[in-house]
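Enquirer:
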Ligand SMILES: [Fe+2]
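Residue numbers (my numbering): 1389 to 1633.
1) Do you know how far the Cα of residue 1407 is from the Cα of residue 1401?
2) Roughly how many angstroms lie between the CA atoms of residue 1428 and residue 1417, to the nearest whole one?
3) Mark residue 1438 as exposed unless 16 or more other C-beta atoms lie within 10 angstroms of its C-beta, in which case mark it buried.
4) With respect to the alpha helix (DSSP H) encompassing residue 1600, which residues constitute its N-terminal and C-terminal limits?
5) Taking all protein chains shown into account, do 16 or more other C-beta atoms lie within 10 angstroms of the C-beta of residue 1430, making it buried, or fewer, making it exposed?
6) Looking only at its own chain, which residues have a Cβ that is under 6 Å from the Cβ of residue 1613, when we skip the five neighbours before and after it?
7) Examine ligand 1 and report whether any of its heavy atoms sits within less than 8 Å of the Cβ of residue 1456.
8) Going by other Cβ atoms of all chains shown within 10 Å of its Cβ, with 16 needed for buried, is residue 1587 buried or exposed?
9) Is the beta carbon of residue 1606 within less than 8 Å of some heavy atom of ligand 1?
10) Closer than 8 Å: is that where the CB of residue 1562 sits relative to any heavy atom of ligand 3?
11) Nearest-angstrom Cα distance between residue 1589 and residue 1537?
12) Does the beta-carbon distance from residue 1559 to residue 1533 come in below 9 Å?
13) On the DSSP bridge list, what partners appear for residue 1396?
14) Is it the case that the segment 1472-1489 contacts the segment 1566-1573, given that we only count it when at least three CB pairs across the two stretches are under 8 Å?
15) Would you call the segment 1591-1601 and the segment 1475-1490 touching, i.e. three or more CB-CB distances under 8 Å?
16) From residue 1518 to residue 1556, what does the alpha carbon distance come to, in whole angstroms?
17) Report the CB separation of residue 1435 from residue 1404 in whole angstroms; it is logged as a contact under 8 Å.
18) Tell me which residue opens and which closes the alpha helix (DSSP H) that residue 1669 is part of.
19) Taking residue 1508 as part of the alpha helix (DSSP H), name the residues at either end of that continuous run.
20) Which residues bound the alpha helix (DSSP H) around residue 1483?
21) Examine ligand 1 and report whether any of its heavy atoms sits within less than 8 Å of the Cβ of residue 1519.
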């Protein structure tokens, strides 16, 4: 894919999801740090921008489902995020907690980092459950209402939060917080590398945590870089339509 150093990280992944693997391989954050240009993110981490651009150039243009996210209507994206990512988070928490408890009980003495991971995961769980509930009760229904209004030439629906920019800013800040806790878990586990003496449950747990992180990155990317810009644009468009009427 053809990418310039001025292109933003999030937009690049929005165009072609395979770019996320390149950014991940350099430790560049494509979801919460998605608003930075490739050049700015590289210079912050003292990474050779040219190398990253060369790797991005090797990626084939995509023709699978990921290419369509950008073309999906915001109301469909909302449904997809809830059914795919919110459901995954809710369903995977109890399994991870169960495995974490087993690992802490059996290996906590020799691997005290597992108890720290447990504390972090509890924080992450509480933050995410609270965050997703807010999205599902406030922001997402409003985005769907705006889509319905636009399709049916109705006036922009009244919002208890003023402009949609306000809840979006709040959700982005919460994404940043979740990203920080997830990063802490990644650091504590040495990027989910089980120790040599790890039992099967220990290894499964680290795989599950890695999967949880991958899902969270994609989830936040879809919201920060695709859904939220679409919602802001939709609100602007509706305001313009009704200003001219
Ligand atoms: Fe979110």
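For glycine and all other residues, C-beta sits at the position ideal for the given N, C-alpha and C.
These figures come from a predicted structure and were not determined experimentally.
Expert: Reading it off the structure:
1) 5 Å
2) 12 Å
3) exposed
4) 1588-1609
5) buried
6) 1398, 1402, 1422
7) no
8) Flag for residue 1587 reads exposed.
9) no
10) Ligand 3 is absent from the structure shown, which contains only ligand 1.
11) 50 Å
12) no
13) 1425
14) no
15) At 8 Å Cβ cutoff, the stretches touch.
16) 15 Å
17) Contact flag wrong, Cβ pair sits at about 20 Å.
18) What the structure shows of the chain is the stretch from 1389 to 1633, and residue 1669 is not part of that stretch, so it cannot be assessed.
19) For residue 1508, the enclosing alpha helix (DSSP H) covers residues 1501-1522.
20) 1475-1495
21) yes
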